[in-house]
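Presented below is the structure to which this report refers.
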Amino acid sequence: MTETALAVLQRNAKNEGWCPLCNRAEAKASLDEAGWLPSGVAERLQSEHPWWRRADGACPACVQQSLLQVLLEQGDESLHRAIQAVWPLDAEAAFGALPTPLRLHADPRFTGKGVTIALVDSAFYPHPDLVRPVNRIRCWVDATRDQLQEISFEASDEPVWPSWDSRSAAQWHGQMTSVATAGNGYLSHGFYRGLASDSDVALIQTMDEQGAIGNAAIRRALLWILEHHRVFGIRVVNLSLGGEEVGPGESNSVDDAVRELVESGVNVVVAAGNDGQRRLLPPGTAPQALTVGGVDDKNTFSHEEIELWHSNYGESVTGALKPELVAPSIWLTAPVVPGTELAVEAAQLFTRRRSGDRSCEQRIAQLKLITPHYQHVDGTSFAAPLVSGTVACMLEANPDLSPALVREILLGTAQPVPAASRERQGAGVLNPGLATGCALAEMHTAGINLKMPEIGAREVVFLLHQHSAEQIRLIGSWDYWSPPGIPFARIEPGLWRARLPLPTPGTYFYKFLIDDQVWLDDPLNLHKAPDRLGGLNSVFEIADTV
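Numbering (the numbering used here), first residue to last: 68 to 613.
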């Protein structure tokens with residue numbers, strides 16, 4: 068028996084196969100997921116590989132690259148070409164949600180590693196995106212009664228707690244916010260991950276048996292965090308909920324607990340609410356909390372058409388305007404609760420799509436499904452986790468940041484929404500990449516302009532914070548991407564600078580190449596364009612002065 072034949076038998080024994088597009092070994096179940104693609108993306112694959120058919124399957128890497136090309140180049144048009152009566156989503160693009168880190172221009176080098184985020188919500192489910200391949204749930208706490216119940220877990224544990232598998236409506240919300248914050252995209256092969264995909268989480272539930280969340284339960288949760296945050300390494304708290312209304316200008320015990328946490332060095336992030344009213348509930352009223360409103364960014368990586376969403380606004384007890392900033396609150400990806408009726412129906416629907424049954428498309432759109440495991444969600448409950456995840460990435464980049472400095476950086480790097488009132492948007496739209504760059508800049512003594520690249524009279528200057536690199540090169544379209552490019556010089560430990568002689572007027576595209584292995588678009592440059600390889604190039608323009 069030849070070695071090749073033996074390998075075939077071994078693969079078959081492991082239920083493995085090969086990707087027909089790249090010849091990579093892959094489990095048959097993963098290859099079959101190509102059948103979930105809407106027809107537009109499948110047709111794209113067939114145009115690039117005329118011999119390929121949906122039934123042949125494809126590995127996740129090939130599927131994701133083709134999907135990203137479609138989303139980046141045609142995503143906005145395809146998503147809004149037809150308006151569904153049940154949901155503003157073209158059924159043909161129901162597999163079409165841009166990955167959150169790409170959509171928000173997050174710095175891919177930082178994923179919240181070493182930071183624990185506490186999620187205070189209704190209830191939770193131990194979703195695979197949090198517990199596979201290793202468990203990142205540090206603890207579960209029930210704060211619904213005066214006598215709190217607490218269970219701690221190790222990375223090797225299979226985390227469970229009372230009623231963990233009830234598949235209740237309360238679990239739906241808490242599971243979605245926790246995975247939106249720190250999920251690693253395990254059920255999407257990493258595609259639909261959160262910003263803080265390497266963070267640990269502490270899960271504190273607050274909804275009682277009557278389905279209510281009161282101020283007393285929220286306060287108990289916050290005081291538990293105050294007592295235990297050093298034990299579990301909690302640096303960020305996310306509250307995608309609201310308590311009981313208090314009178315105008317009145318202080319309350321929830322806001323007091325938020326103040327104590329922030330004074331202890333813990334960042335507190337709160338969802339503003341979804342009614343579009345001048346009305347906030349604790350803890351969104353806490354002066355020390357970062358209260359987060361919503362925007363609709365049309366599920367694109369461009370900020371040109373961004374609009375405010377109907378989130379709540381108002382004032383803190385000290386009269387400060389709320390929210391402090393806004394983040395995308397629609398077209399967001401969150402998981403379906405495994406084992407629920409929705410999960411069962413989703414599996415059936417995508418099986419039908421894989422077989423070519425087009426009659427399933429309307430139901431897929433109605434349920435807001437992206438894959439059998441994920442769906443579109445909306446609300447400031449999912450905007451706040453974007454801010455919490457960003458803070459975790461900032462703290463990974465610079466663990467010495469205080470809550471006051473985190474706030475200053477987030478507000479200083481936010482992008483105002485044109486023609487929108489200050490009281491509705493605060494400082495503007497969250498910018499994770501620039502905020503993380505600012506966090507890194509706080510580690511350096513050199514004066515740093517964070518609006519990069521810096522275009523001068525004779526040269527264009529680029530900066531990059533990269534503490535682990537041995538060499539970095541700047542490569543771009545001014546010389547047709549010709550190697551070796553322009554070398555960066557290390558001006559401080561971890562801080563690099565490159566100088567490009569001023570090119571002729573025009574639009575230019577570029578990337579950084581780190582240690583001849585990793586390509587990176589410029590984290591400090593907001594202007595991006597698809598690179599036609601499923602990623603982004605950074606862009607700058609030289610104006611014609613004539």
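Beta carbons: idealized from backbone N, C-alpha and C, even for Gly.
As the structure is a prediction and not an experimental result, all values here were calculated from the model.
Three-state secondary structure (DSSP) at Thr407?
For the purposes of this step, residue 407 is identified with residue 340 of the sequence shown, where counting begins at 1. It is coil, neither helix nor strand.
Between which two residues does the alpha helix (DSSP H) carrying Cys460 extend?
The residue you call residue 460 lines up with position 393 of the sequence shown. Residues Thr447 to Ala464.
Given this structure, state the Cα-to-Cα distance separating Ser455 from Ala394, to the nearest angstrom.
Against the sequence shown, residue 455 aligns to sequence position 388. Against the sequence shown, residue 394 aligns to sequence position 327. Ser455 and Ala394: Cα-Cα distance of roughly 11 Å.
Locate the beta strand (DSSP E) running through Pro568, then write down its first and last residues.
If you number the sequence shown from 1, residue 568 lands on position 501. Segment Leu562 to Pro568, the beta strand (DSSP E) holding Pro568.
So the candidates are Thr273, Val336 and Asp424; which of them puts its Cα closest to the Cα of Pro105?
Reading the sequence shown from its first residue, position 38 is the one you call residue 105. The option with the nearest alpha carbon to Pro105 is Asp424.
Could you tell me the boundaries of the beta strand (DSSP E) in which Val473 lies?
One-based indexing of the sequence shown puts residue 473 at position 406. For Val473, there is no enclosing beta strand (DSSP E); the residue is found in the alpha helix (DSSP H) stretching over Pro470 to Thr480.
Let me know the secondary structure DSSP gives Asn282 once reduced to three states.
Walking along the sequence shown from the start, residue 282 turns up at place 215. DSSP places Asn282 in helix when its eight states are reduced to three.
Pair within 8 Å by beta-carbon distance, Pro350 and Leu306
Translated into the one-based positions of the sequence shown, residue 350 becomes position 283. Translated into the one-based positions of the sequence shown, residue 306 becomes position 239. Yes, the Cβ-Cβ distance between Pro350 and Leu306 is below 8 Å.
State yes or no: is the C-beta of Val333 within less than 8 Å of the C-beta of Ala356?
Translated into the one-based positions of the sequence shown, residue 333 becomes position 266. Translated into the one-based positions of the sequence shown, residue 356 becomes position 289. Contact flag unset, no.
Taking Ser106 as part of the alpha helix (DSSP H), name the residues at either end of that continuous run.
For the purposes of this step, residue 106 is taken as residue 39 along the sequence shown, with counting starting at 1. Where Ser106 is concerned, the enclosing alpha helix (DSSP H) stretches over Ser106 to Glu115.
Alpha carbon to alpha carbon, what distance is there between Trp398 and Lys81?
Along the sequence shown, one-based indexing puts residue 81 at 14. Along the sequence shown, one-based indexing puts residue 398 at 331. Confidence at Lys81 is low in this model, with a pLDDT of 48, below 50, so its placement is unreliable and the value that follows should be read with caution. Lys81 and Trp398: Cα-Cα distance of roughly 37 Å.
With a Cβ-Cβ cutoff of 8 Å, do His511 and Leu562 count as a contact?
Taking the first residue of the sequence shown as 1, we reach residue 511 at position 444. Taking the first residue of the sequence shown as 1, we reach residue 562 at position 495. Cβ distance < 8 Å, so His511 and Leu562 count as in contact.
Nearest-angstrom beta carbon gap, Glu217 and Val208 [assumed within contact, 8 Å]
Indexing the sequence shown from 1 puts residue 208 at position 141. Indexing the sequence shown from 1 puts residue 217 at position 150. The Cβ separation is near 5 Å, so the contact holds.
Verify whether the separation of the beta carbon atoms of Leu468 and Ala502 is less than 8 Å.
By one-based count along the sequence shown, residue 468 stands at place 401. By one-based count along the sequence shown, residue 502 stands at place 435. No, the Cβ-Cβ distance between Leu468 and Ala502 is not below 8 Å.
Of all the alpha helix (DSSP H) runs that stay within the bounds of the segment 148-231, which reach a length of 4 or more residues?
167-170 and 195-198
Going by the CB atoms, is the gap between Pro402 and His194 shorter than 8 Å?
Counting from one through the sequence shown, the residue named residue 194 turns up at place 127. Counting from one through the sequence shown, the residue named residue 402 turns up at place 335. Result yes, Cβ atoms of His194 and Pro402 sit closer than 8 Å.
With distances taken Cα to Cα, identify the nearest neighbour of Ala494 among Gly361, Ala353 and Gln538.
On the sequence shown, residue 494 is found 427 positions in, with the first residue counted as 1. Per the Cα distances, Gly361.
Within a Cβ cutoff of 6 Å, which residues of the same chain sit near Glu521, ignoring the five residues on either side of it in sequence?
The residue given as residue 521 occupies position 454 in the sequence shown. Excluding sequence neighbours, Glu521 sits near Val528.
What is the C-beta distance between Gly84 and Arg421, in whole angstroms, given that I count them as a contact (C-beta under 8 Å)?
Along the sequence shown, read from residue 1 onward, the residue named residue 84 stands at position 17. Along the sequence shown, read from residue 1 onward, the residue named residue 421 stands at position 354. About 16 Å separates the two Cβ atoms, so there is no contact after all.
Cβ neighbours of Ser544 in the same chain (closer than 6 Å, five flanking residues each side left out):
In the sequence shown, residue 544 corresponds to position 477, counting from 1. Answer for Ser544: Tyr575 and Phe576, listed in chain order.
Please report the distance separating the alpha-carbon of Thr407 from that of Cys505.
In the sequence shown, counting from the first residue as 1, residue 407 sits at position 340. In the sequence shown, counting from the first residue as 1, residue 505 sits at position 438. Taking the straight line joining both Cα atoms gives about 42 Å.
Might you give, ordered along the chain, the residues of its own chain that have their beta carbon closer than 7 Å to the beta carbon of Leu197, omitting 5 neighbours on each side?
The sequence position of residue 197 within the sequence shown is 130, counting from 1. Correct list, in chain order: Arg203, Ile204, Ser245, Val246, Ala249, Gly250 and Val268.
6 Å CB neighbourhood of Ala387 in its chain, flanking five on each side removed
Residue numbering aside, residue 387 sits at position 320 when the sequence shown is read from its first letter. Pro354.
Taking His443 as part of the beta strand (DSSP E), name the residues at either end of that continuous run.
In the sequence shown, the residue the question calls residue 443 occupies position 376. Residues Tyr441 to Val444.
Compare the C-alpha of Tyr628 against each of Leu308, Ser235, Thr211 and Cys89 and name the closest.
Nothing about residue 628 can be read from this structure; the chain reaches only from 68 to 613.
For Ser426, count neighbouring C-beta atoms within 10 Å of its own C-beta (all shown protein chains included) and say buried if the count is 16 or more, exposed if not.
Here residue 426 refers to the residue found at position 359 of the sequence shown. Flag for Ser426 reads exposed.
State the DSSP-derived secondary structure class of Arg540, mapped to helix, strand or coil.
Start at 1 with the first residue of the sequence shown, and residue 540 comes out as number 473. Three-state result, Arg540: strand.
Beta bridge counterpart(s) of Pro349 as assigned by DSSP:
Position 282 of the sequence shown holds residue 349. Listed as beta-bridge partners of Pro349 by DSSP are no residues whatsoever.
DSSP has Trp398 in a bridge; who is on the other side?
Indexing the sequence shown from 1 puts residue 398 at position 331. Answer by DSSP bridge pairing: none, since Trp398 is not bridged.
Using 10 angstroms around the beta-carbon of Tyr441, count the other beta-carbons present and answer buried if the total reaches 16, otherwise exposed.
Stepping through the sequence shown from its first residue, residue 441 is reached at position 374. It counts as buried.
Count the other CB atoms, across all protein chains shown, that sit within 10 Å of the CB of Glu537; report buried if there are 16 or more and exposed otherwise.
As a working note, residue 537 is residue 470 in the sequence shown. With fewer than 16 neighbouring CB atoms inside 10 Å of its own CB, Glu537 falls in the exposed class.
Take Arg345 and list the residues in its own chain whose beta-carbon comes closer than 7 Å to its own, dropping the five residues that flank it on each side.
In the sequence shown, counting from the first residue as 1, residue 345 sits at position 278. Hits under 7 Å: Tyr380 and Gly381.
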